[in-house]
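Numbering of the sequence shown is given in the working numbering, commencing with residue 7 and proceeding in unit increments.
Some notes on the structure that comes next.
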Amino acid sequence: MKKLNLGCGHNVIDGYVNIDVQELPGVDLSLDFIKNKLPFEDGEVSEVVMYHTVEHIEKKHHYAIFSEIRRVLGIGGELFLSYPDFFNCVERLKTATEDDRQFWEATIYGRQLVPSDYHVCVISSAYLLGILAPLGFAEFAVAEEDDGPHYQVLRCTASEKVMSREKLFYDEVYASADYPFKSEGD
């Protein structure tokens with residue numbers, strides 16, 4: 007099965023189909039996956055990696071992109087997303103010394119070295135889970151990236167079960183042990 011590295015930029019990975027909108031050294035497939043479907047069959051992919059990519063894509067495209075990733079991932083296939091946790095970065099910026107302010111601003115807004123190097127939306131683990139779970143992703147795990155606690159890595163798997171937003175919210179809010187009321191049918 008294939009492994010995809012979406013939005014790879016210069017971070018190409020051996021053994022993966024490295025995909026980016028720009029034609030860069032090591033990019034196997036130049037494709038704007040915001041505008042185009044991935045050229046793979048349903049369930050043909052075993053793993054998708056998006057290393058610091060999602061924060062560069064407007065939120066209005068996230069649902070379609072993750073739907074397309076779910077389409078090509080086989081059951082049990084894994085999705086790995088790494089991203090700067092916006093709220094953690096803001097907290098660190100608030101307490102940063104003058105020497106560190108530039109680093110934290112770049113972590114929040116992007117380095118802005120080239121036109122595609124801007125962060126255009128707030129990303130957090132809760133936001134991503136809210137999109138991914140209803141699309142049929144499960145077994146979520148979030149950990150700190152090696153680069154520091156302000157960067158997160160979310161790992162999840164493609165599941166057979168697709169959960170409605172209503173069921174997801176019910177399970178997270180109302181079905182907790184702290185909430186004594188149950189809906190009909192529980």
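Ideal Cβ positions, reconstructed from N, Cα and C, are used throughout, including at glycine.
Could you tell me the alpha carbon to alpha carbon distance between residue i and residue j, rounded to whole angstroms?
i: histidine 62; j: cysteine 95; result: 16 Å
i: asparagine 24; j: threonine 113; result: 24 Å
i: phenylalanine 92; j: leucine 141; result: 23 Å
i: valine 18; j: glutamate 29; result: 12 Å
i: tyrosine 115; j: aspartate 153; result: 17 Å
i: histidine 16; j: glutamate 166; result: 34 Å
i: glutamine 108; j: valine 51; result: 39 Å
i: histidine 68; j: leucine 134; result: 9 Å
i: methionine 7; j: valine 55; result: 14 Å
Excluding the five sequence neighbours on either side, which residues of its own chain have a C-beta within less than 7 Å of the C-beta of residue i, listed in chain order?
i: tryptophan 110; result: Cys95, Arg98, Leu99 and Ala102
i: leucine 138; result: Phe72 and Cys162
i: glycine 21; result: Lys9
i: threonine 59; result: Leu12 and Gly13
i: glutamate 145; result: Cys162 and Thr163
Please return the same chain residues whose Cβ sits closer than 6 Å to the Cβ of residue i, not counting the five positions on each side in sequence.
i: aspartate 159; result: The sequence shown places valine at residue 159, rather than the aspartate named in the question. Within the same chain, valine 159 has close Cβ partners Ser88, Ala149 and Glu151.
i: valine 27; result: Asp38
i: arginine 117; result: Asp123
i: glycine 49; result: Gly80
Since residue i and residue j are thought to touch, with beta carbons under 8 Å apart, how far apart are those beta carbons, to the nearest angstrom?
i: alanine 164; j: glycine 32; result: The pair is not a contact, with the Cβ atoms about 26 Å apart (cut-off 8 Å).
i: phenylalanine 143; j: leucine 85; result: 6 Å
Inset, instruction - Indicate whether the contact test is met: 3 or more Cβ pairs, each with one atom in the stretch 115 to 126 and one in the stretch 37 to 49, closer than 8 Å. - result: Taking a cut-off of 8 Å for Cβ pairs, the stretch 115 to 126 and the stretch 37 to 49 do not touch, as fewer than three such pairs fall below it.
Inset, instruction - Taking 8 Å as the threshold, find out whether the stretch 107 to 123 comes into contact with the stretch 72 to 87 through three or more Cβ pairs. - result: Too few Cβ pairs lie closer than 8 Å, so no.
Legend entry - Whole alpha helix (DSSP H) elements within the stretch 67 to 97, 4-residue minimum: Taking only runs of at least 4 residues, the alpha helix (DSSP H) segments lying wholly in the stretch 67 to 97 are 68 to 78.
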